[in-house]
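**Student:** Per UniProt numbering: the sequence shown ends with 260, consecutive numbering throughout.
Using N, Cα and C, we set each Cβ at its ideal position, and we do this for glycine too.
Questions regarding the structure given below will be posed in turn.
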Amino acid sequence: MTNDLSLRTVTVMRYILPLREGGSLPALAEADDDFKYVLKFRGAGHGVKMLISELLGGMIALKLGLQIPELVFANLDVDFGRMEADEEIQDLLKFSEGLNLGLHFLSGAIAYDSSIRVDALLASKIVWLDAFTTNIDRTFKNTNLLMWHKELWIIDNGASFYFHHSWQNFDASAKTPFKYVKDHVLLSQASELIQADQFAKEHLNDEFFRSLVNLIPDDWLQWNDADENPEEIREIYFQFLKTRLANSEIFLNEAQNARG
Numbered sequence: 001m002t003n004d005l006s007l008r009t010v011t012v013m014r015y016i017l018p019l020r021e022g023g024s025l026p027a028l029a030e031a032d033d034d035f036k037y038v039l040k041f042r043g044a045g046h047g048v049k050m051l052i053s054e055l056l057g058g059m060i061a062l063k064l065g066l067q068i069p070e071l072v073f074a075n076l077d078v079d080f081g082r083m084e085a086d087e088e089i090q091d092l093l094k095f096s097e098g099l100n101l102g103l104h105f106l107s108g109a110i111a112y113d114s115s116i117r118v119d120a121l122l123a124s125k126i127v128w129l130d131a132f133t134t135n136i137d138r139t140f141k142n143t144n145l146l147m148w149h150k151e152l153w154i155i156d157n158g159a160s161f162y163f164h165h166s167w168q169n170f171d172a173s174a175k176t177p178f179k180y181v182k183d184h185v186l187l188s189q190a191s192e193l194i195q196a197d198q199f200a201k202e203h204l205n206d207e208f209f210r211s212l213v214n215l216i217p218d219d220w221l222q223w224n225d226a227d228e229n230p231e232e233i234r235e236i237y238f239q240f241l242k243t244r245l246a247n248s249e250i251f252l253n254e255a256q257n258a259r260g
């Protein structure tokens, strides 16, 4: 798989409906390519940092050969939300003007049932991914996994890379064991974590990480709570990814101990 990364950009044409309550308020929408997308909005919850988590986590999952709906940059025009009757949604759309993130809508997909057995290496790769990206939100309560065409698909990586909310001690954050892995919905089935770690180290590298952080739009890196400019912020993400991969035994041991 090439390390040249790119995403299509679509323009949102129609807001269809909100998908669930909660801080991120995702929605089903139709774009100018006539496809439907699950939209994640920059004006919701943790804003652009959540979009960055979705982008980085999703593209790493793809690099590891996992199934994830196509990610697209989704542009919202300035006038898009003015006719929306719901004031909360209208405000969300107003504050989300510009570039957002969409995931291709998997029509007919159903939520993963934790009683379903999956391939041990697949489960291990997903657990490894979430420990690597520090994703706290793939639990029995909220699996963020779908079954579609008899395959397991990953959705919703927005609760990962939580170090960027405090934005300090970057090197130390990259070397954390990730204690939340004990709550992972697939941990009990992840009996091939060492093989998953070896696979990841064969497929992830500095070149990929550099291309990945360069995917983050400048528009998502204008932070009021950071002194760094966009290029400096990208460099911090790059160093986090590089350091965390080099020290994967830290979170790998935590996951193995949690299984024990």
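Let's see if you can read the secondary structure: which residues bound the beta strand (DSSP E) around LYS36?
**Tutor:** Taking the first residue of the sequence shown as position 1, residue 36 is located at position 36. It spans 36-40 - the beta strand (DSSP E) in which LYS36 sits, taken as one unbroken run.
**Student:** Looking only at C-alpha atoms, which of TRP153, LEU122 and ASP79 sits nearest to ASP197?
**Tutor:** Residue mapping note: residue 197 aligns to position 197 of the sequence shown, counting from 1. It is LEU122.
**Student:** Can you tell me whether ARG234 is buried or exposed? The criterion is at least 16 other CB atoms within 10 Å of its CB, across all chains shown.
**Tutor:** Taking the first residue of the sequence shown as 1, we reach residue 234 at position 234. Counting Cβ neighbours within 10 Å, ARG234 comes out buried, since at least 16 surround it.
**Student:** DSSP on ARG14, reduced to helix/strand/coil?
**Tutor:** Locating residue 14 in the sequence shown gives position 14, counting from the first residue. Reduced to three states, the DSSP call for ARG14 is strand.
**Student:** At which residue ranges does the stretch 131-197 contain complete beta strand (DSSP E) runs of 3 or more residues, listed in the order of the chain?
**Tutor:** Entirely contained in the stretch 131-197, the beta strand (DSSP E) runs reaching 3 residues are, in chain order, 145-148 and 151-154.
**Student:** In this structure, how does DSSP classify MET1 when only helix, strand and coil are distinguished?
**Tutor:** Along the sequence shown, read from residue 1 onward, the residue named residue 1 stands at position 1. Low per-residue confidence applies at MET1: pLDDT is 39, beneath 50, and the placement is therefore not dependable enough to give any value.
**Student:** Tell me the DSSP secondary structure of VAL72 in three-state form.
**Tutor:** Within the sequence shown, the letter at position 72 stands for residue 72. Correct three-state label for VAL72: strand.
**Student:** Mind checking who GLU30 pairs with in its DSSP beta bridge?
**Tutor:** Locating residue 30 in the sequence shown gives position 30, where the first residue counts as 1. Answer is ARG14 and LYS36.
**Student:** From which residue to which residue does the alpha helix (DSSP H) around ASN214 run?
**Tutor:** Sequence index remark: in the sequence shown, residue 214 carries index 214 (1-based). From DSSP, the alpha helix (DSSP H) with ASN214 extends over 206-214.
**Student:** Given a cut-off of 7 Å on the beta-carbon distance, is the pair PHE41 and LEU92 in contact?
**Tutor:** Walking along the sequence shown from the start, residue 41 turns up at place 41. Walking along the sequence shown from the start, residue 92 turns up at place 92. Their beta carbons are under 7 Å apart, which means PHE41 touches LEU92 by this criterion.
**Student:** Three-state secondary structure (DSSP) at ASN257?
**Tutor:** For the purposes of this step, residue 257 is taken as the residue at position 257 of the sequence shown. In this structure, ASN257 counts as helix in the three-state DSSP scheme.
**Student:** For ILE16, which of PRO26, VAL10, LEU7 and THR9 has the nearest alpha-carbon?
**Tutor:** As a working mapping, residue 16 is identified with position 16 in the sequence shown. Among PRO26, VAL10, LEU7 and THR9, the Cα nearest to that of ILE16 is on PRO26.
**Student:** Quick check on ILE110: does DSSP put it in helix, strand or coil?
**Tutor:** Walking along the sequence shown from the start, residue 110 turns up at place 110. Looking at ILE110 - three-state DSSP - the assignment turns out to be strand.
**Student:** For a quick check, are the C-beta atoms of ALA131 and ALA255 less than 7 Å apart?
**Tutor:** The count along the sequence shown starts at 1 and reaches residue 131 at position 131. The count along the sequence shown starts at 1 and reaches residue 255 at position 255. Cβ distance < 7 Å, so ALA131 and ALA255 count as in contact.
**Student:** So the beta strand (DSSP E) GLY102 belongs to, where does it begin and stop?
**Tutor:** One-based indexing of the sequence shown puts residue 102 at position 102. That run of the beta strand (DSSP E) goes 98-104.
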